[in-house]
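Have a look at the structure below before the remarks.
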Amino acid sequence: MTETSMSKDASNSGDGEAGGDGRINRLRFRKKDMPGGLWLKCESCSGTIYRKEVVEKAYTCPACGFHFTMPGADRVRHTLDEGTWEELFSEIEAMDRLGFVDSGPYGDKIERTVKRTGQNEALIAGRGEVLGRPVVLGVLDFKFLGGSMGEVVGEKIALCCDVARKEGKPLLLFTASGGARMHEGMLSLMQMAKTCSALSKLNEDGGFSICVLTHPTTGGVTASFAMVCDITLAEPGALIGFAGPRVIASTIKQELPEGFQRAEFLLEKGQVDVIVSRDEMRNMLARLIDFGACRPGAGATAGRRPASSSERASSSGAEQEAPSTSVPGDEAKGSSGDVASSDGS
Ligand SMILES: [Zn+2]
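Heads up: the sequence shown at position 263 corresponds to 280 in this note's numbering, and the numbers run straight through without jumps.
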């Protein structure tokens, strides 16, 4: 029930409700990840900013540092070393198995979205390198039906886990999602179990996984694979939750605390390991990958390749010893047995 209302928020209504407690509403995600035009208004500091400058600063506000939702293709470019990206499974397409119709047939909606985005699905998957360290990367793109998880997204995540396992590479996931794709009904909800069991298998075989929660990550994605990786990072100010704050407030009939469901709030409560800003992301990922490779029980699937060449030199910032930032490590979360308790439903 909550799932339905959340997904509606994500893919249909989009805009946060007017009025009410301003701060929370301000953080509710919009239908468009970034408004078009030359200028735009920052949803955090309300400043009028030049769009091009925001894009140049990796979709962050030059005034207050607010992290806008980043398109999937830009995320891939921003995360990986130049020229290392190799896309996988892009040929898998969504199907309207249920003949679902809401404002129009789901099949038509997919067709339009594929045409508009130039992608077959919400998850972009592939291989690449982060500062010379090979990874398997999966990025959820919010502009494809609100980054919602249907059969294809679930399948691609499971396939990414397989590739990471077989090739002994760390799995790196970025989420931006309104939750499970309600157009696919039960089939989309089944992806929650499927992705978690794939990650669990990766974990059992000594694999290493990192998930970066970005604005916004909600619904069935938060309640499944996003929260069961070895390390959970978040971007500053990201909205992360299962049901929306309005639904929760009216269910428990209590006022919600300040900053509820934001990354900083989740860090304080222990649901997130580290908050990392976009300009620090690559360095942090590289450090964590090294950390993952030398942890006890890393087994055959240790991801580190003895990095050579110029990449080593350029990544000197990331070449420090084990990270000093406190990272609880995998024993804190480990297997997908924790999934059920982390969804809070
Ligand atoms: Zn701002």
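A virtual CB, placed ideally from N, CA and C, is assigned to each residue, including glycine.
Quiz item: Can you pull the DSSP bridge partners for M166?
Solution: A197
Quiz item: In whole angstroms, what is the alpha-carbon distance linking I4 and L55?
Solution: Limits of the chain in this structure are 18 at one end and 362 at the other, which puts residue 4 out of reach.
Quiz item: Within this structure, are the beta carbons of A197 and M244 separated by less than 8 Å?
Solution: no
Quiz item: Between S362 and F259, what straight-line distance do the alpha-carbon atoms span, to the nearest angstrom?
Solution: Unreliable placement is indicated for S362, whose pLDDT of 34 sits below 50; no coordinate value is reported for it.
Quiz prompt | Cβ-based neighbour list, I443, same chain, cut-off 8 Å, excluding 5 preceding and 5 following | solution = Within the shown structure, residues of the chain are numbered from 18 to 362, placing residue 443 beyond reach of any answer.
Quiz item: Skipping 5 residues on each side, what residues in its chain have a beta carbon closer than 8 Å to that of E70?
Solution: P79
Self-check item: Nearest-angstrom Cα separation, counted from M203 out to G121
Solution: 19 Å
Self-check item: Own chain residues within Cβ distance below 7 Å of T234, not counting five before or after
Solution: T192, A193, S194, A243, A255, I257
Quiz prompt | beta-carbon S294 near ligand 1 non-hydrogen atom, thresh 7 Å | solution = no
Quiz item: Helix or strand or just coil, what does DSSP make of C177?
Solution: helix
Self-check item: Beta-carbon proximity check, Q136 vs E168, cutoff 8 Å
Solution: no
Quiz item: What are the boundary residues of the alpha helix (DSSP H) that Y76 is part of?
Solution: That residue, Y76, is in no alpha helix (DSSP H); it is neither H nor E in DSSP.
Quiz item: So the alpha helix (DSSP H) P151 belongs to, where does it begin and stop?
Solution: Segment 150 to 157 is the beta strand (DSSP E) holding P151; no alpha helix (DSSP H) there.
Exercise. Return the CA-CA distance between E272 and S61, expressed in angstroms with no decimal places.
Key: 22 Å
Exercise. Using the Cα positions of G163 and V291, report the straight-line distance between them to the nearest angstrom.
Key: 25 Å
Exercise. Please indicate yes or no: does the CB of F282 lie closer than 7 Å to some heavy atom of ligand 1?
Key: no
Quiz item: Taking 7 Å as the line, does the beta carbon of A80 fall inside it for any heavy atom of ligand 1?
Solution: yes
Exercise. Kindly examine ligand 1 and report whether one of its heavy atoms sits closer than 7 Å to the Cβ of F83.
Key: yes
Quiz item: Once you ignore the five residues that flank L190 on each side, which residues in its own chain have a CB closer than 6 Å to its CB?
Solution: G155, C228
Quiz item: My guess is that A240 and V289 are in contact by the Cβ rule of under 8 Å, so how many angstroms apart are they, rounded?
Solution: Incorrect: roughly 15 Å between the Cβ atoms, too far for contact.
Quiz item: Can S267 be considered in contact with ligand 1, in the sense that its beta carbon sits closer than 7 Å to one or more heavy atoms?
Solution: no
Practice problem: With DSSP collapsed to three states, give me the class of I127. | Solution: helix
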